[in-house]
Amino acid sequence: DVKVTQSSRYLVKRTGEKVFLECVQDMDHENMFWYRQDPGLGLRLIYFSYDVKMKEKGDIPEGYSVSREKKERFSLILESASTNQTSMYLCASSIGLAGGREQYFGPGTRLTVT
Amino acid sequence: QQQVKQSPQSLIVQKGGISIINCAYENTAFDYFPWYQQFPGKGPALLIAIRPDVSEKKEGRFTISFNKSAKQFSLHIMDSQPGDSATYFCAAPKAAGNKLTFGGGTRVLVKP
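In structure tokens, the structure reads:
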């Protein structure tokens, strides 16, 4: 079974703090994704990575950055957390087009910025 | 801009009833339409997917209906069970790549 793990289930941070969200997948997938989930807005793509050190901006990259130094690990960074970044953050991975487009999701990190 | 519009936002159905969720898309070049199911406290998981060369796909009690001319696709949950209570997301590919655009989600509650 594919397993995508996220470093924290719940996180509370203060405005202005630097926040790191970590994601690890164990299936040697090329692609990794960071989404945020908000009621009524579905899942919105923040960043996408298709290979080590390669990244693409998604629909809402402002205020976020990412790092992918190893194939299995994809980190989301909030340089200076703000209250409007309070949300559920979901990491996902997929094998790539040749193997189908199914995305495998982690359990999510609920981030609260106060 | 939202490329996939999903309705309704929430749905309450009695056990044994039919749940119907609709999605409309804009880009006729889309070639893959998945539905994801998310239980509370869990990440979404692929439930069923369809390609536009077929009009319907059925897996157990779950059926996707696809209407290419109307640019719509729907998820039907037949004989709905309390264990089907979850949030459902439709999705479509962003251009011809690995990324997906998700609909806004439908929270389904099946009452016993």
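Just so you know, the sequences run in chain order Z and X. Just so you know, we're using my numbering here: the first sequence kicks off at 676 and counts up by one. Just so you know, we're using my numbering here: the second sequence kicks off at 56 and counts up by one. The C-beta atom is built at its ideal place from N, Cα and C for all residues, glycine as well.
For residue i and residue j, I'd like the C-alpha separation in whole angstroms.
{"i": "Tyr91 of chain X", "j": "Lys728 of chain Z", "result": "28 Å"}
{"i": "Gly158 of chain X", "j": "Pro714 of chain Z", "result": "11 Å"}
{"i": "Asn122 of chain X", "j": "Glu754 of chain Z", "result": "44 Å"}
{"i": "Ile75 of chain X", "j": "Ser129 of chain X", "result": "7 Å"}
{"i": "Gln56 of chain X", "j": "Pro736 of chain Z", "result": "Residue placement at Gln56 of chain X is poorly supported in this model, since its pLDDT is 48, which falls under 50; the coordinates are not used for a value here."}
{"i": "Phe708 of chain Z", "j": "Pro63 of chain X", "result": "27 Å"}
Within the same chain, show all residues whose beta-carbon is closer than 7 Å to that of residue i, passing over the 5 residues directly before and after it, in chain order.
{"i": "Pro782 of chain Z", "result": "Gln681, Arg684"}
{"i": "Glu692 of chain Z", "result": "Ala756"}
{"i": "Arg776 of chain Z", "result": "Ser769"}
Please list, in chain order, all residues of the same chain as residue i whose beta carbon is under 8 Å from its beta carbon, the five residues on each side excluded.
{"i": "Phe780 of chain Z", "result": "Val679, Leu765, Cys766, Ala767"}
{"i": "Glu731 of chain Z", "result": "Tyr722, Phe723, Ser724, Tyr725"}
{"i": "Lys126 of chain X", "result": "Ala79, Tyr80, Glu81, Thr83"}
{"i": "Gln58 of chain X", "result": "Tyr80, Glu81, Asn82, Ala147, Lys149, Thr156"}
Tell me which residues share the same chain as residue i and place their Cβ nearer than 6 Å to its Cβ, disregarding the 5 neighbours each side in the sequence.
{"i": "Gln778 of chain Z", "result": "Ala767, Ser769"}
{"i": "Lys746 of chain Z", "result": "Val727"}
{"i": "Gly160 of chain X", "result": "Thr142, Phe144"}
{"i": "Lys112 of chain X", "result": "Ile105, Ile119"}
So for residue i, helix, strand or coil by DSSP?
{"i": "Pro148 of chain X", "result": "strand"}
{"i": "Asp139 of chain X", "result": "helix"}
{"i": "Thr784 of chain Z", "result": "strand"}
{"i": "Gln64 of chain X", "result": "coil"}
{"i": "Asn82 of chain X", "result": "coil"}
{"i": "Thr761 of chain Z", "result": "coil"}
{"i": "Val694 of chain Z", "result": "strand"}
{"i": "Gln57 of chain X", "result": "Summary for Gln57 of chain X: the model assigns pLDDT 48, below 50, so the residue's position carries little reliability; its value from the coordinates is reported in the next sentence. Coil."}
Quick one: give me the first and last residue of the beta strand (DSSP E) that residue i is part of.
{"i": "Gln712 of chain Z", "result": "706 to 713"}
* Asked: Looking at chain X, which residues of the stretch 719 to 744 of chain Z have a Cβ within less than 9 Å of any of its Cβ atoms?
  -> Arg719, Leu720, Phe723, Tyr725, Glu731, Gly733, Asp734
* To do: Could you please tell me which residues of the stretch 63 to 76 of chain X, in chain order, have their CB closer than 8 Å to any CB of chain Z?
  => Those would be Gln64, in chain order.
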